[in-house]
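Protein chains in written order, with our numbering: chain Y, 15 to 361; chain C, 15 to 361; chain B, 15 to 361; chain H, 15 to 361. Idealized CB from N, CA, C, for every residue including glycine. Heads up, the thing below is written out as structure tokens.
There are 4 protein chains.
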Amino acid sequence: MVSTDRHGFASDNNSGAHPKIMDAIIKANQGHVIAYGDDPYTQSACKKFEEVFGKGTQVYFVYNGTGANVVSLQAITSSFNAIICAQTAHINEDECGAPEKFTGCKLLTLPSSDGKIRVKQVEPLLHILGNEHHAQPCAVSITQATELGTVYRPEEIKAITTFAHDHGMRVHMDGARICNAAASLGLGLREITRDVGIDILSFGGTKNGLMFGEAVVIFDTELARDFKFIRKQSTQLASKMRFIAVQFETLLSDELWLENARHANEMARLLANEIKDIPGVEITQSVDINALFVKLPREIIPRLQEESFFYVWDEGQSIVRWMTSFDTTEEDIEAFVKLLKKHLASV
Amino acid sequence: MVSTDRHGFASDNNSGAHPKIMDAIIKANQGHVIAYGDDPYTQSACKKFEEVFGKGTQVYFVYNGTGANVVSLQAITSSFNAIICAQTAHINEDECGAPEKFTGCKLLTLPSSDGKIRVKQVEPLLHILGNEHHAQPCAVSITQATELGTVYRPEEIKAITTFAHDHGMRVHMDGARICNAAASLGLGLREITRDVGIDILSFGGTKNGLMFGEAVVIFDTELARDFKFIRKQSTQLASKMRFIAVQFETLLSDELWLENARHANEMARLLANEIKDIPGVEITQSVDINALFVKLPREIIPRLQEESFFYVWDEGQSIVRWMTSFDTTEEDIEAFVKLLKKHLASV
Amino acid sequence: MVSTDRHGFASDNNSGAHPKIMDAIIKANQGHVIAYGDDPYTQSACKKFEEVFGKGTQVYFVYNGTGANVVSLQAITSSFNAIICAQTAHINEDECGAPEKFTGCKLLTLPSSDGKIRVKQVEPLLHILGNEHHAQPCAVSITQATELGTVYRPEEIKAITTFAHDHGMRVHMDGARICNAAASLGLGLREITRDVGIDILSFGGTKNGLMFGEAVVIFDTELARDFKFIRKQSTQLASKMRFIAVQFETLLSDELWLENARHANEMARLLANEIKDIPGVEITQSVDINALFVKLPREIIPRLQEESFFYVWDEGQSIVRWMTSFDTTEEDIEAFVKLLKKHLASV
Amino acid sequence: MVSTDRHGFASDNNSGAHPKIMDAIIKANQGHVIAYGDDPYTQSACKKFEEVFGKGTQVYFVYNGTGANVVSLQAITSSFNAIICAQTAHINEDECGAPEKFTGCKLLTLPSSDGKIRVKQVEPLLHILGNEHHAQPCAVSITQATELGTVYRPEEIKAITTFAHDHGMRVHMDGARICNAAASLGLGLREITRDVGIDILSFGGTKNGLMFGEAVVIFDTELARDFKFIRKQSTQLASKMRFIAVQFETLLSDELWLENARHANEMARLLANEIKDIPGVEITQSVDINALFVKLPREIIPRLQEESFFYVWDEGQSIVRWMTSFDTTEEDIEAFVKLLKKHLASV
């Protein structure tokens, strides 16, 4: 059940918390402070977000990624609306229908071979605007980096947000791996979100070294008006909020977010380099962040999984997903490649 | 905004994490384990729950109390149902309508001067059973200890669960302060839940020394069948689950749950003793657990709050609520009573 | 099961359709017209509503009263809101939790001995505004005439709407028997709705001689923006809309609405006069419209029901409800009073 | 806005009510009967359904097709479930997201060029069963006849229901045009529903000559247990139920359902015959029922619509939809074909 190796390649959320994150939690564990976010730790963390994303940025801490997504989507929809996203989007594939339950909306999904969606795919969906028989598109949700490990360039995002805004729609970004995307692009967090027209962002922490906690970052301040009620009613208001706040404050200080993401990305590139020329192994997606999608001989997959667990991405095509993490080491990769080669040799 | 004293009396969730809880978290922070609960820490914690509550007990960890309540209530209702509870219940008063949103149900609330409900109040509500014009009662939710700091005796619970089961209803217990109740009664956790007919329990951790995390404990195993889907869709599935699991394992080991709860209760009794004879001060509820409800001269409330923050419970009647915690000290109480006397003297 | 008398006193919806309504339906049954309301019958009916309620009035036809109420309430709420109403309100008591399911909101109910609510009851509920732990009141719903057969005077409505608007809330009127109320007051339909600040009205037709169909009448035009989507998603968009439209056009023409309502009201007063001095019979509410609430000796109720069915309103207090209808005749009343006397004599 | 011809080809719900249906309504309009279905008309209609569909069939009348579908789907799902259907399904395309709002479920849609789905498309979706990250498929919904005017053969339905039942799923049939399908197949209503494993059926009336009203027909009696509560909470319980009941009783008597459906089907075949050899006109789907899908030269569409309104089905491919109805005459077709030829000649 549990991988016996120290750092596997199953998921970046199989790792623990980064030591600096743990230190911050320990330091925050003293005395009483008001619960539910009315405390100095939370206030300080919110200021840090304003430093990074600019004046007027509003931040709401939540527990997890699904939570961040569903509160964000509620803020920009009514139940008769439709949310446009990639078929591969986490909100469509991996949240057990939470977006539908919380918003009442229909998800209009677009096929995507690389996890990204394009304006030309969105456009044909809008002929139903104004027709009461159809759920009305009012939001586009994109994932940065995508579930397939690819990254939107800023101008690609800008094209989507411009089109969306021109048609009265808002744009949500699922940034579960936003830090990995920024590291990959060599750009700042603000440059690939607020500056290119994103209205509301699920800012991921857990996959980048936090123990728990995500942040909803709001750039369109109108959306902040009722947000605290949405968060509370959606069970995403933490009582001992300070313990999420100090993690984010630490992540955004001294560029820890970048250091962690960059390291994870580099480990993925290293792994890619080590395997790309191995016969029988095919990397099927651009390795932009800390994810590899790899086609393997079908029979070795279970044997490899047994020694170092990971997930099969596409059963039919025999494609697996390998994730690196902030704590992946070169030794982890060396050992894993050795395993891979051993099993390949046995075919 | 923030109380300047080390341990205030605003709420038991204004405290941090107990040192033993923090130690357990630190110890769990190594290497990779599978996310979402398929890890040895979670398995071990689940076994601990079976030790405490008996064979067959099913446990699902969640993030917080509102989360525990809404997933529990979903497990025992359909949207056309009604949930019977006290008007003062947390699910009715303090969750921003989360139960209605998640379940679609109506809450049928019963007046209660002490936070408890009685069978004779529930009975008249059942004449609508079978009549399609009315939301159909199918669940009773009781809080132990209640929001007014009182405690149900086991036979009182048994009376409710027997009646409910006889009428095809299930019983949920909101046990945000279940440990304080058990400590107060001098009974085991199982004796006031499973043994007296509770079907599903929100087991509170955060208010008794955890950093975050609650547990849904299921005694009617039929309810466990779909529970993991309900938890996930309700945004309450933690990825790095081990960090909740080890907290609960620690809480249930060496009777830490009892030690914490007993201490908090004792501190409340100490505070009660110190103030009960002060003129102008009136304790309005039985001090069974770590909560005091106190009627004060209206004008001193804001002055006292300024020096040591707490919540007004009933504006109209000038009643405030003081909570003690696992970390409340005798010095905290001494200092607080001194403050109180100072302000009373100034009236 | 079925009453053997021609016109019973069980409910005004036990009657059929008024002959003029039936004639209009028959006349509309020719040729093809576009479905879903884009037809000349519907356009004409909408104009008629503007004549009655004034320029800018927006009308949306729906199937039934619960439908009218839930689409109206959706238009003025978000799921984190609370709706304030009387405990006796149809939306609270008689719609199987439909308002909760459709809106996700909590209903905050006010006790009322006569079915009306007062500003002084609403006021104390507003101290929770802005506090994220509590569902946020944003709407008041009043019933005209009330479920207890009483009628708000225009100045009573104005007091509620003024207070509500001053506090950022909107006011919905459940007008299932709005015509009976207007007839009772001797006022026009506009005078007791739009002119006294109602934002959105469920205009009842079925209880006043229609075969089926109710209308949502919107005075705050902002609420009309998305209304057609809400109606459609809520299953309340009729395909052969003309058949609802012509009924309403007929009802509003030549004051048929008033004639029907006035007659029903008169029949109730006649019945009241006939029984008010009978020993053992006590009329417990003001007889403002077509409803009587009557306390009877407990033992005669089932015997009387067997010969002419009606509903028990309050089992505990032995109070029954008798409704007259547009088609109730003096002979019906004479026969019913005779029955009543016969059974009273047998006690 | 409104077609000037007596019987257009826009939709079968642009027609009025069949004369026999109208007569039945008129005849039912006398005296009082208990509301909400506890009346002899409704009882008699329910018996008629048992005659047609066999002993134990349970029937619940509702207002319209969307209503029938959403109550049916609620009866067979929980919010964490997924409903499998064709992309072209009415529940997916034409109900403004009502299924998502009412059930909370995700719709898993399958591409289909003819409106039908096949077992081999459903099978791959089931690998997610048991995995809490994904909405759990528990229901298949098929439309008979499909939205593209095609008809499932009984063995095709049987294949789907067998597979579904083998995997713990239930099968809903959207039978908005079930009568047209039966007429087309030359089979009885029972033979293409209950006998081939359908669990719950939306039985369409409005498109086959009713004024308003659909019926939910339940074959799996377990689903009937709570159905009346679902119907009521979903706003689909009619007060003057007799007026829906007598329409259905009439439709099922003397094979009026078959007569109407057969006629509409024949008119479609006649129209098809008249146009199939016209250059520039291409019939794109099998004409099994009363629907034609026709590819036309783009420029004539608006001109033709102006004289006789109909809907464009696929803007991109220049395909329109023409529906015939129970009241379409040979003269209507003659006139329409003449119009078509006139506009084609002008190209």
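What does a CB cutoff of less than 8 Å around histidine 277 (chain H) pick up in its chain, not counting 5 residues either side in sequence?
-> Residues Phe340 and Thr342 of the same chain have their beta carbon placed closer than 8 Å to that of histidine 277 (chain H), with the five preceding and five following residues left out of the count.
Could you give the C-beta distance for proline 151 (chain B) and leucine 139 (chain B), rounded to a whole number, given that I count them as a contact under 8 Å?
-> Right, their Cβ atoms sit about 6 Å apart.
For arginine 208 (chain H), which of H:Asn287, H:Gly70 and H:Ala275 has the nearest alpha-carbon?
-> H:Gly70 is the residue among H:Asn287, H:Gly70 and H:Ala275 whose C-alpha sits nearest the C-alpha of arginine 208 (chain H).
Examine chain C for any beta-carbon lying closer than 8 Å to the beta-carbon of serine 93 (chain B), and answer yes or no.
-> Residue-level contact check: serine 93 (chain B) touches chain C, since one or more beta carbons of chain C fall below 8 Å from its beta carbon.
For serine 93 (chain H) and serine 118 (chain H), believed in contact at Cβ under 8 Å, the rounded distance | In the sequence on display, residue 118 (chain H) carries glycine and not serine. Right, their Cβ atoms sit about 3 Å apart.
Alpha carbon of phenylalanine 13 (chain C) to alpha carbon of asparagine 43 (chain Y), nearest angstrom = One cannot answer for residue 13 (chain C) here, as it falls past the ends of chain C, which runs 15 to 361.
What residues in the stretch 135-147 of chain H bring their beta carbon closer than 7 Å to a beta carbon of chain Y?
-> Cβ contacts with chain Y: His141, Glu146 and His147.
With a CB to CB cut of under 6 Å and the five nearest residues on each side skipped, what residues in its chain are close to aspartate 19 (chain B)?
-> A caution first: aspartate 19 (chain B) carries a pLDDT of 47, below 50, which makes its placement in the model unreliable, though a value can still be read off. Excluding positions up to five away in sequence, the list reads Ser322.
Quick one: does cysteine 110 (chain H) have its CB under 8 Å from some CB of chain B?
-> Chain B, which has a Cβ nearer than 8 Å to the Cβ of cysteine 110 (chain H), makes this yes.
Beta-carbon of glutamate 273 (chain Y) versus every beta-carbon of chain H: anything under 8 Å?
-> Residue-level contact check: glutamate 273 (chain Y) does not touch chain H, since none of the beta carbons of chain H fall below 8 Å from its beta carbon.
Could you spell out the range, first to last residue, of the beta strand (DSSP E) harbouring phenylalanine 75 (chain Y)?
-> It spans 72-76 - the beta strand (DSSP E) in which phenylalanine 75 (chain Y) sits, taken as one unbroken run.
Of all the CB atoms in chain B, is at least one closer than 8 Å to the CB of valine 154 (chain H)?
-> Using a CB distance cut-off of 8 Å, valine 154 (chain H) does not count as an interface residue toward chain B.
Rounded to whole angstroms, what's the CA-CA distance from isoleucine 131 (chain Y) to serine 29 (chain H)? Just pull it up for me.
-> Straight through space, the alpha carbons of serine 29 (chain H) and isoleucine 131 (chain Y) are spaced by roughly 43 Å.
Give a yes or no on whether the C-beta atoms belonging to valine 165 (chain Y) and aspartate 302 (chain Y) are separated by under 8 Å.
-> Contact: yes.
Which same chain residues, not among the five before or five after valine 73 (chain C), have their C-beta less than 6 Å away from its C-beta?
-> Within the same chain, valine 73 (chain C) has close Cβ partners Cys60, Phe63, Ala229 and Val231.
Ends of the beta strand (DSSP E) at glycine 189 (chain Y)?
-> Unbroken beta strand (DSSP E) run through glycine 189 (chain Y): 184-189.
Residues, ordered as in the chain, of the stretch 115-127 of chain C that lie near chain B by beta-carbon distance below 9 Å = Residues of the stretch 115-127 of chain C that bring their beta carbon within less than 9 Å of a beta carbon in chain B comprise Lys115, Phe116, Thr117, Gly118, Cys119, Lys120, Leu121 and Thr123, in sequence order.
Check the Cβ of alanine 96 (chain Y) against every Cβ in chain H and list those closer than 8 Å, keeping chain order.
-> The contacting residues are Gly111.
Is there at least one non-hydrogen atom of the ligand HEM closer than 7 Å to the beta-carbon of asparagine 274 (chain C)?
-> Absence of the ligand HEM is noted for the structure shown, with no ligands found whatsoever.
Chain B beta carbons: is any one of them nearer than 8 Å to that of serine 182 (chain H)?
-> The question names serine, but residue 182 (chain H) in the sequence shown is glycine. Judged by the 8 Å Cβ criterion, glycine 182 (chain H) is not in contact with chain B.
The stretch 248-264 of chain H / the stretch 75-83 of chain H touching (three or more Cβ pairs under 8 Å) | Touching, per the Cβ criterion.
Using 10 angstroms around the beta-carbon of leucine 143 (chain Y), count the other beta-carbons present and answer buried if the total reaches 16, otherwise exposed.
-> With fewer than 16 other Cβ atoms within 10 Å, it is exposed.
To which residues of the same chain is valine 1 (chain B) closer than 8 Å at the C-beta, ignoring the five residues directly before and after it?
-> Absent from the structure is residue 1 (chain B), since the part of chain B shown begins at 15 and ends at 361.
When you compare each of Y:Glu146, Y:Gln57 and Y:Asn279 to tryptophan 336 (chain Y) by their alpha carbons, which one comes out closest?
-> Comparing alpha-carbon positions, the option among Y:Glu146, Y:Gln57 and Y:Asn279 lying closest to tryptophan 336 (chain Y) turns out to be Y:Asn279.
Can you find a C-beta in chain C that's less than 8 Å from the C-beta of lysine 254 (chain Y)?
-> Chain C contact via Cβ: present.
Taking only runs that begin and end inside the stretch 181-239 of chain Y, name each unbroken alpha helix (DSSP H) of 4 or more residues, in chain order.
-> Complete alpha helix (DSSP H) runs here, min 4: 192-199.
List in chain order: all unbroken beta strand (DSSP E) runs of 3+ residues lying wholly within the stretch 259-320 of chain C.
-> Unbroken beta strand (DSSP E) stretches of 3 residues or longer found wholly inside the stretch 259-320 of chain C: 305-309, given in chain order.
Supposed close pair isoleucine 333 (chain Y), valine 308 (chain Y) - CB separation, criterion 8 Å = Between isoleucine 333 (chain Y) and valine 308 (chain Y) the beta-carbon gap is near 7 Å, inside 8 Å, which marks them as a contact.
Assign tyrosine 325 (chain C) to one of two classes, buried (16 or more other C-beta atoms within 10 Å of its C-beta) or exposed (fewer than that).
-> Exposed: under 16 other Cβ atoms inside 10 Å.
Residues of the stretch 240-268 of chain H with a CB closer than 8 Å to any CB of chain C: list them in chain order, please.
-> The residues in question are Asp240, Lys242, Phe243, Ile244, Arg245, Lys246, Gln247 and Leu251.
Just the chain B side, please: which residues come within less than 9 Å of glutamine 150 (chain Y) by C-beta, in chain order?
-> For glutamine 150 (chain Y), the residues of chain B that pass the 9 Å Cβ criterion are Asp240 and Phe243, in the order they occur in the chain.
Taking C-beta to C-beta, are glutamine 158 (chain B) and alanine 195 (chain B) nearer than 8 Å?
-> Yes, the Cβ-Cβ distance between glutamine 158 (chain B) and alanine 195 (chain B) is below 8 Å.
Where glutamate 114 (chain Y) falls, given that 16 or more other Cβ within 10 Å makes a residue buried | Of the other Cβ atoms in all chains shown, 16 or more fall within 10 Å of the Cβ of glutamate 114 (chain Y); this residue is therefore buried.
Along chain Y, which residues have their Cβ under 7 Å away from the Cβ of alanine 31 (chain C)?
-> One finds Asn43 in chain Y with Cβ atoms closer than 7 Å to the Cβ of alanine 31 (chain C), taken in chain order.
Determine contact between the stretch 30-40 of chain H and the stretch 252-268 of chain H, defined as no fewer than three beta-carbon pairs at a distance below 8 Å.
-> Contact holds: three or more Cβ-Cβ distances are below 8 Å.
Using DSSP bridges, identify the partner residues of tyrosine 325 (chain H).
-> Tyrosine 325 (chain H) is bridged by DSSP to H:Arg335.
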